[in-house]
Structures are given as structure tokens and as C-alpha cells.
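My numbering puts the first residue of the sequence shown at 17, with every later residue one more than the last. Ideal placement from N, C-alpha and C gives every residue a C-beta, glycine not left out. For reference, the structure discussed in these notes is given below.
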Amino acid sequence: MIELRNISKTYVMGDIAVPALKNVSLRIEEGEFVAIMGPSGSGKSTLLHVLGFLDRPDSGEYYILNKEVSRYSDDELAGLRNQLLGFVFQQFHLLRRVNALDNVSLPYIYSGSNGNMAQKAVDRLESVGLKDRLSHCPSELSGGQQQRVAIARALVKDPLIIFADEPTGNLDTKSQQEIMQILKALNEKGKSVIMVTHEEEVAGYAKRVIRMRDGEIVSDEVKEKDVKAAQSQERTSLTLVRRSIWNKGEMVVHFYQAIRAIMANKVRSFLSMLGILVGVAAVIAMMALGEGAKTSLEKELKSLGSNLLSIRGGSSRHRGAASGSGSIARFSLKDADAIRTLESINKVSGFVSGSAQVIYQNENWSTRIEGVEYDYAEMRATTPMTGRWFSDDDIQRRAKVAVLGVTVLDKLFGNKNPVGQIIKINRINFRVIGVAQEKGFAGPHDQDDTVYIPVTTGMYRVLGKNYLDGIYAEVSQADMMDETKEEIKKLIQKRHRLYQDEDSFSIWDMSEIQNMLSSTTQTMSLLLGCIAAISLFVGGIGIMNIMLVSVTERTREIGLRKAIGARNSDIMAQFLIESLVMTLTGGIIGITLGAGAAFLLANVAGWATRVSVFSVVLATTFSVAVGICFGLWPARKAAQLKPVEALRYE
17 MIELRNISKT YVMGDIAVPA LKNVSLRIEE GEFVAIMGPS GSGKSTLLHV
67 LGFLDRPDSG EYYILNKEVS RYSDDELAGL RNQLLGFVFQ QFHLLRRVNA
117 LDNVSLPYIY SGSNGNMAQK AVDRLESVGL KDRLSHCPSE LSGGQQQRVA
167 IARALVKDPL IIFADEPTGN LDTKSQQEIM QILKALNEKG KSVIMVTHEE
217 EVAGYAKRVI RMRDGEIVSD EVKEKDVKAA QSQERTSLTL VRRSIWNKGE
267 MVVHFYQAIR AIMANKVRSF LSMLGILVGV AAVIAMMALG EGAKTSLEKE
317 LKSLGSNLLS IRGGSSRHRG AASGSGSIAR FSLKDADAIR TLESINKVSG
367 FVSGSAQVIY QNENWSTRIE GVEYDYAEMR ATTPMTGRWF SDDDIQRRAK
417 VAVLGVTVLD KLFGNKNPVG QIIKINRINF RVIGVAQEKG FAGPHDQDDT
467 VYIPVTTGMY RVLGKNYLDG IYAEVSQADM MDETKEEIKK LIQKRHRLYQ
517 DEDSFSIWDM SEIQNMLSST TQTMSLLLGC IAAISLFVGG IGIMNIMLVS
567 VTERTREIGL RKAIGARNSD IMAQFLIESL VMTLTGGIIG ITLGAGAAFL
617 LANVAGWATR VSVFSVVLAT TFSVAVGICF GLWPARKAAQ LKPVEALRYE
């Protein structure tokens with residue numbers, strides 16, 4: 017069944033090479049009960065590890081079922097351990113927070129087998145006398161009972177060989193006898209048993225005793241030759257079962273294992289999630305603020321109008337008088353009419369503005385008055401949502417009619433319909449004919465705290481001006497803005513007989529203001545996003561640190577899983593899934609908290625916020641990416657551990 021030819025193994029400890037096995041050759045037949053004995057350092061445990069594919073020899077050949085396997089890959093050896101071998105260790109190596117039934121079922125996770133795994137595990141536990149201890153965790157079992165669970169786990173896949181490494185080393189005399197009786201009974205039923213022990217009493221149960229010293233076999237005594245080869249004939253040939261971790265069943269099992277590991281350390285797992293949680297919440301809240309600011313800006317820009325020029329008296333570089341001459345151009349309605357004749361102009365509106373006291377019955381409010389022309393409504397997105405706008409006839413007659421902003425409406429009328437009501441503006445009666453669309457704030461100024469009246473009424477009846485404060489002109493095409501600005505400049509200079517170097521009026525391109533505001537908002541959104549991304553990055557480092565600690569703490573568990581057949585990819589998948597589950601869970605909670613924070617900012621602080629689908633998808637994707645990137649190193653570190661070194665880890 018097993019043949020070793022000139023097997024050697026040397027361990028290097030610093031600068032010292034320690035030979036553990038020296039050209040060991042050995043044959044073991046099917047159905048034997050072999051005890052390997054020797055003092056500490058004799059090489060008996062190393063020989064057992066080589067026989068059980070837990071360690072690789074440096075040289076020599078290893079045949080099992082006539083197949084040379086010493087050069088098999090790690091995954092192929094893991095498959096052999098799962099299919100052919102069962103292990104019983106001195107330290108039991110049971111998962112602490114898992115009950116006896118789940119401990120015994122563990123080898124099935126890495127077998128790719130179908131069928132009722134739980135029932136087979138129950139049957140094995142019953143066979144070792146633990147029918148009433150199925151749901152008990154290792155801490156609730158005695159040493160002898162824990163070793164019985166380990167034996168049941170070794171038997172659950174019906175292995176060809178049982179390897180026992182000092183199986184009674186941690187047991188009292190009574191438990192020792194019980195365990196050895198179980199191993200003896202298994203051998204009598206045809207199981208091959210290879211056991212390492214240093215106790216003569218325990219070795220007395222074996223039919224063959226191999227003694228070792230200084231890495232060499234010094235004696236090989238066969239006490240009984242009635243070998244019972246009870247294994248089925250189909251087990252006499254070696255065929256590897258190949259499987260993929262990417263099938264649905266395997267992934268579900270790995271996910272279940274990851275959840276169980278996370279739940280076993282709830283506080284630590286939550287603290288690990290905390291960094292991702294805060295980072296994702298910050299991303300959602302910050303992007304909600306950015307989106308809210310963008311939405312508010314779009315609304316504000318809409319109120320400014322598109323392709324709009326603002327022509328005002330005074331310098332574009334100084335407030336008030338221009339430097340030098342001190343003259344300021346005064347515009348008239350005829351200037352507005354002249355600009356209206358230009359081919360590139362769509363609409364024109366002269367305007368005057370000032371402050372006034374507005375009264376309705378016993379309510380009064382100090383507000384801003386805007387005297388404007390007919391085209392102003394469409395140019396500045398002020399078309400009434402209730403009632404109507406001024407007509408050309410209203411402007412010509414200097415009619416005492418008014419359109420209210422929503423802030424003025426709220427202060428004077430509350431929930432009442434103002435259309436048709438009479439208000440007083442600076443003690444002059446005006447009839448309300450409409451309510452303008454809501455515009456919101458433009459910087460510190462509330463654009464809705466305004467009363468609109470015909471420009472002629474504003475000039476001659478309310479504000480006492482014989483000139484316009486400025487003129488708005490809408491250009492037909494955006495690419496004609498510069499050309500149109502130059503035409504208007506020449507037109508005004510000609511009409512007012514101004515020298516070209518005299519800085520007495522200015523022309524503002526509203527698109528420049530729009531671009532400036534858009535650029536500022538984008539910069540702020542980018543800055544907020546970067547701050548949130550840093551939070552996510554820091555959270556990812558926290559996840560990685562915790563996962564590295566988890567790998568260190570669970571080194572023996574990793575060694576056990578590899579001993580019962582886990583491949584490198586299985587271990588890597590389990591730790592990666594753990595990292596992903598933690599980051600994704602933290603991300604989902606973070607999304608909820610971020611959306612809640614955005615809601616509070618909107619309703620308590622009054623800030624404009626908007627949680628977009630993009631921000632949710634981005635935060636989720638980022639958290640998954642963090643889980644993969646920062647979980648990869650710990651997962652690789654866990655996967656690369658050698659089984660025997662992991663099992664020996666203190």
C-alpha cells in the first residue's frame with residue numbers, strides 16, 4: 017500500500033542544518049497496525065508527516081497504491097489527504113466554537129461530495145459512543161470525548177489509512193485505553209492504522225513496531241502477520257477527484273464558513289467594519305452634499321438665464337465710478353431698443369431696482385423691487401406659476417401691477433391666493449397679477465424676496481429714476497457671445513459718444529459666472545470625495561490588519577483544514593470571503609448611515625443634499641474593491657502556510 021525509497025528530510029534552523037530523516041526506506045501493507053516509536057528528535061513525527069502528505073521529503077521516492085506522489089503539487093496532495101487519509105492528533109485540533117457534529121462534518125467541505133453529510137457525521141459519532149454529544153462544543157467535552165470526536169472526523173470519509181500522532185498523549189489512563197480500543201477495533205475491521213507514540217503500553221496494541229533513532233529506522237518488529245485486507249477493490253487504484261471552488265455548492269460552503277468565523281469574534285469584526293462603515297457613510301454624505309449643491313447650482317443657473325449678457329453702468333474692474341474720468345454711462349429704454357435690433361440678439365429687457373416697503377392689510381415687508389420689461393420673464397426663468405406676466409400694454413401705460421416672489425407671498429399672504437389683491441408699494445396701490453416661479457438663493461441674496469413691476473412704472477412712479485440700472489440681452493447662440501459683446505460695446509459707445517478707452521460701462525457674460533460656479537462646485541465635490549476616499553482607504557488598512565491578526569490566531573485551524581483536504585485556493589477563498597463580507601456589510605450599513613446623515617443635513621441644517629444611485633453604486637463597489645485588495649495579502653499568507661508548520665504553531 018505504501019512504499020518509501022531513500023526518503024530524506026533536513027530542517028534548517030538559522031545556520032544549522034538538522035537532519036530529521038536519513039535515507040529511510042519502508043513498506044506498509046494494507047490493513048496493518050503500525051506503531052512508530054523513538055525518543056524525542058528521532059524523526060518519528062517527521063516520518064508520520066511525510067507519510068500523511070503534511071510535509072515533503074527533500075529527496076527520495078514515495079509510492080502509494082503504486083503511484084509515485086512525492087512530486088505532486090500542493091493541491092494534489094490536499095486531494096489525496098481528503099480522499100485517502102484520516103488524522104488523529106495529540107492536541108485534538110477541534111474548532112473551538114463549532115459543535116461536535118460540525119467538527120466531524122468538516123472534511124466533507126473540501127471533498128466536493130454530495131449526499132447527506134450530516135447523517136454520515138452522526139453515524140460516525142454514534143460509532144465512537146458520542147450519540148448524546150452531537151451539539152456540544154469542545155469546551156463542553158472531556159479530553160477523551162474530544163479525541164473521540166477527532167477519530168470520528170478522521171473516519172467520516174471512510175479513509176484508506178488512519179494516521180494517529182500521539183493520540184493518547186493528553187489523556188488519562190482510562191481515556192487512553194478507550195481510545196486505543198477504538199483504534200484497535202478499527203484495525204480489526206480492516207482499517208490501516210499508522211501511529212506515533214513514545215509509550216510502550218500504547219505500542220502494545222500495534223501488530224508492528226518500528227523504532228527510530230537519529231532519523232533512521234533501527235528496528236522493525238512484526239508481532240502479527242494476519243493482515244486483514246478488508247478494503248474494497250476499487251480503492252486499490254489511485255484516482256484524484258478534481259474540483260473547482262467556483263461551483264455554487266463550494267462557494268456557499270465557503271460563505272457559511274466565513275460567516276461563522278466572523279460571528280465567532282463579533283466585537284473584533286464590528287471594529288474591523290467600523291473603518292469601512294465610516295468611510296462609506298462619508299462618501300454617501302459628501303456626494304449627497306455635492307449633488308445637492310450641483311442641483312441648487314443648476315436651479316440658480318437656470319434663473320440666471322442662458323447665453324445672457326448683463327450691461328451695466330460703471331467699470332467692470334471697480335465698483336462705482338470708473339478710474340480716471342469718473343463718468344458712468346446712463347442707459348435708457350431707447351438703448352435697450354437699439355440693442356434689440358442686433359441680429360444676434362433674441363430678447364432684451366432693461367431693468368431698474370431698489371428697496372421698498374410692501375403692505376397688505378396689517379402685514380408689511382421690506383423687500384426688493386425690480387422694474388423689468390416683457391422679455392424678462394423668459395430670459396430669467398421668472399414666468400409666473402400662478403396668474404400672468406406684464407403685457408406690453410402694461411409697460412406702455414405704466415400700469416400699477418405686480419408679480420410677487422414666493423418669499424414675499426409667504427410674508428404677506430401666507431396660504432392665500434394673492435392674484436387680484438391690492439397691495440401698497442411705497443404707499444402706492446398695486447394689483448397683484450401673478451406669482452413668479454421659485455428661484456432660491458443666489459449667494460446670500462434670496463431671489464424670491466422680490467416684487468416685479470413694469471420697468472416704466474418702476475422708473476417713473478416708484479423709484480423716481482429717468483434711466484435704467486442695466487440691460488439684459490439674450491444672445492441667440494453661445495458661440496456668438498464674444499462677437500455680440502463687441503457689437504453692443506460699439507453700439508453704446510456710438511450712442512453715448514464715448515471714447516473707447518473710457519471705462520464708463522461694463523458687459524458681463526453670465527456664462528462666465530455659470531462656469532465659475534460650476535467649477536467651484538465640482539472642485540468642492542472632488543475635495544469632499546477625496547476626503548471620503550481617504551476614510552475608505554484607512555478603513556481598508558484596518559481590515560487588512562485585523563485579517564492578518566486573524567491568520568496568526570487561526571494558524572492551527574488553517575493547518576487542520578489543510579490536513580483534512582483544504583487546498584490553497586480553499587483557504588484563500590475563505591479568508592477573502594471573510595474580508596468581503598465584513599467590508600460589504602460595513603458598506604451597506606455605511607450607505608444607510610450616509611443617507612440618514614444627508615437627510616438630517618437637509619432637514620435640520622437646511623443644506624441641499626441629494627443621494628444619487630451613482631453614489632450608492634460607487635460606495636458599494638469601492639467597499640467590495642477594498643475587501644478584495646486588502647483581504648488579498650492576508651488570504652495569500654494563510655494559503656501559503658505549510659500544513660505541518662501550521663499545526664505546530666504555538
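DSSP places Y221 outside both helix and strand once states are collapsed to three, so it counts as coil. In the three-state scheme derived from DSSP, where H, G and I count as helix and E and B as strand, Y88 is classed as coil. If you draw a 10 Å sphere on the C-beta of M289, you find 16 or more other C-beta atoms in it, and that means buried. By the C-beta criterion, the segment 547-556 is judged to be in contact with the segment 295-304, since at least 3 inter-stretch pairs fall below 8 Å.
Per DSSP, reduced to three states, the secondary structure at M303 is helical.
The straight-line gap separating the alpha-carbon atoms of L199 and G555 is approximately 50 Å.
In the DSSP assignment, Q373 falls within the unbroken beta strand (DSSP E) covering I361 to Y376. The C-alpha of N115 is placed about 24 Å away from the C-alpha of M196. Cβ contact annotation for L146 (same chain, cutoff 6 Å, sequence separation greater than five): R164, in chain order. S191 and S158 have their C-alpha atoms some 9 Å from each other.
Only buried fits K455, as 16 or more other CB atoms lie within 10 angstroms of its CB.
Secondary structure at P659: helix, using DSSP grouped into helix, strand and coil. Proximity to E217 across G185, E77 and K501 peaks at G185, based on C-alpha coordinates. In this structure, V435 places its C-beta atom within 8 Å of the C-beta atom of T402. Here DSSP, grouped into helix, strand and coil, assigns N380 to strand. The three-state secondary structure of T402, taken from DSSP, is strand.
With a cutoff of 8 Å on beta-carbon distance, L552 and G306 are scored as not near each other.
Pairwise C-beta distances place the segment 56-75 in contact with the segment 220-230, as three or more of them are shorter than 8 Å. G220 sits exposed, since fewer than 16 C-beta atoms from the chains shown fall within 10 Å of its C-beta.
A residue is called buried when at least 16 other Cβ atoms come within 10 angstroms of its Cβ; V660 meets this threshold and is buried. In this structure, the alpha-carbon of S628 lies about 32 Å from that of V268. When only Cα atoms are considered, G480 and I444 end up about 13 Å apart. When only Cα atoms are considered, L428 and E490 end up about 33 Å apart. Separation of D498 and G329 (C-alpha to C-alpha, rounded to the nearest whole angstrom) is 19 Å.
Beta-carbon to beta-carbon, S360 and S492 are separated by about 6 Å, close enough to satisfy the 8 Å threshold. N281 sits in coil when the DSSP states are folded into three classes, being neither helix nor strand.
Nearest to E232 by alpha-carbon distance, out of S639, I52, L171 and G206, is I52. Around the beta carbon of H270, a 10 Å sphere encloses 16 or more other beta carbons of the protein chains shown; the residue is thus reported as buried.
Taking C-beta separations shorter than 8 Å and ignoring five residues to either side along the sequence, the partners of P55 in its chain run H214 and R229, following chain order. Straight-line spacing of the CA atoms in I449 and R404 works out to 6 Å. The beta carbon of A662 sits closer than 6 Å to those of T571, I574 and G575, all from its chain and outside the five residues before and after it, given in chain order. By the 16-neighbour rule on beta-carbons within 10 angstroms, N22 is exposed. Taking 8 Å as the upper bound for CB-CB distance, A137 and L117 are in contact here, some 5 Å apart. Within the segment 562-626, there are no complete beta strand (DSSP E) runs of at least 3 residues. For A33, the enclosing beta strand (DSSP E) starts and ends at I32 to I44.
Residue environment: E84 is assigned as exposed (fewer than 16 neighbouring CB atoms within 10 Å of its CB, all protein chains considered).
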